[in-house]
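Here the structure comes first, spelled out in structure tokens, and everything after it is commentary.
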Amino acid sequence: MKGASEFAGMAAALASAAAWAGGSVLYKKLGERTSAPGMNLVKSILSLGILAFVLFLTGFQLPGRRTWLILTLSGLLGVALGDTFFFLALQRLNTHVLVLLCALGPALTILFAVFFLGEIPPFWRWIGIVMVLSGVALVLDARGSHGNNSSTAGGIVYGLLSILCMSTGVIVAKVGLASVGALEAVFIRMLAGAAGLALWAVAAGRLREWVAPFWDRVLLRDMFVAICVCTLGGFWLSHVALKFADVSVASTLAATEPLFVMPLAAIFLEEPISRKAVWGALVAVSGAAILVSR
């Protein structure tokens, strides 16, 4: 039975990686019809509804005030800012390039943990960081010969800002997770992100502009599908993987997302995938696997 449960955990981890990859492709298509902040606001609100329904079924553990404040700050950084920058980058970069760029996230999180949490990673994790950086550099170099260079540069800047905000949000959330369940933490972070985006929209006088495209039922349906793929597919399956498989195995398999996104982006978005980009993806994924393994 243990072998069967471990296999189920590994299958869930791979399915989770595929779901995140599919979600990125879906959001890329959605970004062609709406603004990045508007897409993030509607995504956050719909995700809140899904999470609230799940918590209604499972029960909600009310955290203390300090935990609320910590997770609120984490949500503002990771969801309101980080996801908006991600969608802005997604509108300017090919999907597989941005997903590979996001592989820098674990490396940056480790560096933040060294400076702010006093964690000392082993030598082999530094090797993983170098491999991730090298792989991403290969993919970006391959991208340099295609498309609009100014658009690419802007996309890279937004991508790096997204990684910075998300990594900082993860470090902040780690402090808050000590006294609350994972699902409750995700709900609070999403609530803070949605509230921050809504206040931003109202203050800028752009709330109607941001949400107007989603009065289109087809667009709203596509957004709901993307959220279900990411929230129920990627998020839920990742937790199934952690339950039945070793953390190192589940995390390593989850790091294969770029390998799923490349064929999906080539088929559904007709993105050009060069041989250099494939090699860069393999190097970066191998480095990410080293980073997340124990």
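Residue numbers for the sequence shown follow my numbering, beginning at 5 and rising by one. Positions of the beta carbon are idealized from the N, C-alpha and C atoms, including for glycine.
Following the DSSP letters along the chain, one finds V206 inside the alpha helix (DSSP H) bounded by residues A186 to A207. Going by C-alpha positions, V282 is about 29 angstroms away from M227. Counting only residues of its own chain and dropping the five nearest sequence neighbours on each side, S242 has a CB closer than 8 angstroms to the CB of A16, A17, S20, A254 and A258.
The Cβ neighbour count for W128, taken over all protein chains shown within 10 Å, is under 16; the residue is labelled exposed. Going by beta carbons, I54 and T260 fall outside the 8 angstroms limit. Spatial neighbours of L263 in its own chain (CB-CB distance under 7 angstroms, excluding positions within 5 residues in sequence) are listed in chain order as A285 and V289. In this structure, the beta-carbon distance from A249 to T99 does not fall below 8 angstroms. Counting along the chain, no alpha helix (DSSP H) covers F239, and no H or E run does either. Under the DSSP assignment, V215 falls in the alpha helix (DSSP H) whose first and last residues are L211 to V215.
Shortest Cα-Cα distance from F91 to any of I131, E36 and L104 involves E36.
Note that the C-beta distance between L80 and G200 is below 8 angstroms. Per the coordinates, the alpha-carbon of R221 lies some 16 angstroms from the alpha-carbon of L30. For V103, the closest alpha carbon among the candidates S166, S183 and F272 is that of S166. A Cβ-Cβ distance of about 19 angstroms is found for the pair L97 and S171, leaving them out of contact under the 8 angstroms criterion.
Per DSSP, reduced to three states, the secondary structure at I277 is coil, with no helix or strand assignment. The region 139-146 and the region 44-51 do not touch, with fewer than three beta-carbon pairs separated by less than 8 angstroms.
Assignment of D220 by DSSP, reduced to helix, strand and coil, places it in the coil class. DSSP places F90 in the uninterrupted alpha helix (DSSP H) bounded by T88 to L94. Around the beta carbon of E188, a 10 Å sphere encloses 16 or more other beta carbons of the protein chains shown; the residue is thus reported as buried. Its Cα nearest to that of R210, the residue T38 stands out among T38, F120, I271 and V161.
Burial check for W219: the Cβ neighbour count within 10 Å stays below 16, so the residue is exposed. Taking the Cα of F272 as reference, the smallest distance to any Cα among F191, P125 and S28 is reached at S28. A straight-line Cα-Cα distance of about 10 angstroms links V206 and W214.
As the crow flies, the alpha-carbon of L85 is around 23 angstroms from that of R69. With contacts defined as CB atoms closer than 8 angstroms, T88 and A22 fail to qualify as a contacting pair. The C-beta separation of V136 from G291 comes to about 4 angstroms, placing the pair in contact by the 8 angstroms criterion. Residue C106 holds the alpha-carbon nearest to the alpha-carbon of V265 among C106, I175, I231 and F191.
Inclusion of I231 and T76 in the CB contact set at 8 angstroms is not warranted, their separation being larger than that value. One thing to note: A177 has its Cβ no nearer than 8 angstroms to the Cβ of S278.
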